[in-house]
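J.: Quick one: this structure, given as structure tokens, is what I'll be asking you about.
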Ligand SMILES: Cc1cc2nc3c(=O)[nH]c(=O)nc-3n(C[C@H](O)[C@H](O)[C@H](O)COP(=O)(O)OP(=O)(O)OC[C@H]3O[C@@H](n4cnc5c(N)ncnc54)[C@H](O)[C@@H]3O)c2cc1C
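In the working numbering, the protein residues as written are 86 to 424.
Right, here's the structure in full:
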């Protein structure tokens, strides 16, 4: 029988380490429990928040509704010729799945090593790092529709993945709970070593013919050296998305700031590095009360201890204002605001 707890602290359930509580809290270990939960009109009508690892959310206040923590476990794989299909429960830790695949020689996820959070949340913002996005290895996901109590399988096309975006953040926001995700991986690695310092770090280690395990190790090493560990300094990784602007606006910015960091982003579009823009406004490593930006990466907002969600939100608003004033570019928050 599904247990619903009351007045539960969420401090250990969000990577910012914000002290906030949930009025009601349910942990889901099997998909049948979702059907059971939503059969009861009390839970079907109340505000609800689905969480995995809580590593992409900022709790602005206590949550006066039902928090549903996804803890469905299990990893299965099926080989077919050179391809392998791996299916994992929403509550599996993302990096455990990556390690499982790397250990078995299933290639495709190695650049996504050490991203915090759960498998179930990975399609929500189409997680990405080091030149690879979830959509590159995604096959489908199974999700529970809250309104009907039915399960539906979403193809990659139906998920409408974009840069840190999917249908679950837009049209279908709050309507489905992902219970498992299926991935399509390969037994023949097609390594992606172009992005960031991967190539350089492999060279430093004298590795000329890297395996997926080498790439996973190197990516993990680079991430640890750049990003704060949420278990010691609360954070949610990149707080803002990298803004994508038109070439005309970009030309104006480049004229004034010739070393502006940029990447081509398709037809007539340019992606700017949000971290660089924020750094140019003098925010890198700055402390404001209990919050601040990370010393090695201005894109990461941190909780130095005891910060509230609204303090971190206020800092993010100041950063948005100063970047807009200096560059005329409006930063968008990547982290989900709750409350
Ligand atoms: C140090 C650090 C580094 C990071 N680096 C990266 C990075 O390189 N690339 C990247 O893309 N992200 C990165 N992130 C962000 C984060 O790791 C990802 O967004 C991750 O997918 C969040 O998983 P989670 O389980 O913690 O999600 P949560 O924070 O629990 O939830 C995030 C959102 O998804 C919803 N959700 C969660 N689970 C489900 C489900 N089963 N069904 C439906 N909705 C659900 C929640 O309601 C919420 O809206 C980083 C975060 C940290 C702390």
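We put the beta carbon where it would ideally sit given N, CA and C, even for glycine.
Every value quoted in this text rests on a predicted model; they were computed, and no experiment measured them.
Hey, quick one: how far does the alpha helix (DSSP H) through residue 307 stretch, first residue to last?
T.: That run of the alpha helix (DSSP H) goes 297-311.
J.: Rounded C-beta distance between residue 211 and residue 247? I'm assuming under 8 Å.
T.: Yes, they are in contact, since the Cβ atoms of residue 211 and residue 247 sit about 7 Å apart, within 8 Å.
J.: Does the Cβ-Cβ distance between residue 168 and residue 271 come in under 9 Å?
T.: Yes; because the gap between Cβ atoms is below 9 Å, this pair is in contact.
J.: Check whether the Cβ of residue 155 sits closer than 8 Å to any heavy atom of ligand 1, and report yes or no.
T.: Within the cutoff, so yes.
J.: What residue range is occupied by the uninterrupted alpha helix (DSSP H) comprising residue 398?
T.: Its alpha helix (DSSP H) spans residues 394-412.
J.: Taking DSSP as the reference, what is the three-state secondary structure of residue 247?
T.: Residue 247: strand per DSSP, three-state reduction.
J.: Hey, quick one: how far does the alpha helix (DSSP H) through residue 356 stretch, first residue to last?
T.: Element bounds for residue 356: not the alpha helix (DSSP H) but the beta strand (DSSP E), 354-357.
J.: If you compare alpha carbons, which of 214, 229 and 216 is closest to residue 121?
T.: Among 214, 229 and 216, the Cα nearest to that of residue 121 is on 229.
J.: Is the separation between the beta-carbon of residue 381 and that of residue 265 shorter than 9 Å?
T.: No, the pair does not count as a contact, with Cβ atoms beyond the cut-off.
J.: How many angstroms separate the CA atom of residue 269 from the CA atom of residue 95?
T.: One C-alpha to the other measures close to 34 Å.
J.: Which residues bound the beta strand (DSSP E) around residue 191?
T.: From DSSP, residue 191 is part of no beta strand (DSSP E); its letter is neither H nor E.
J.: Should residue 175 be counted as a contact of ligand 1 given a C-beta to heavy atom distance under 8 Å?
T.: Under cutoff, so the answer is yes.
J.: Quick check on residue 327: buried or exposed, where buried means 16 or more other Cβ atoms within 10 Å of its Cβ?
T.: So residue 327 counts as buried.
J.: Assuming residue 193 contacts residue 221 (C-beta within less than 8 Å), just tell me the rounded distance between them.
T.: Rounded, the Cβ-Cβ distance is 7 Å, consistent with contact.
J.: Let's see if you can read the secondary structure: which residues bound the beta strand (DSSP E) around residue 323?
T.: Element bounds for residue 323: 319-323.
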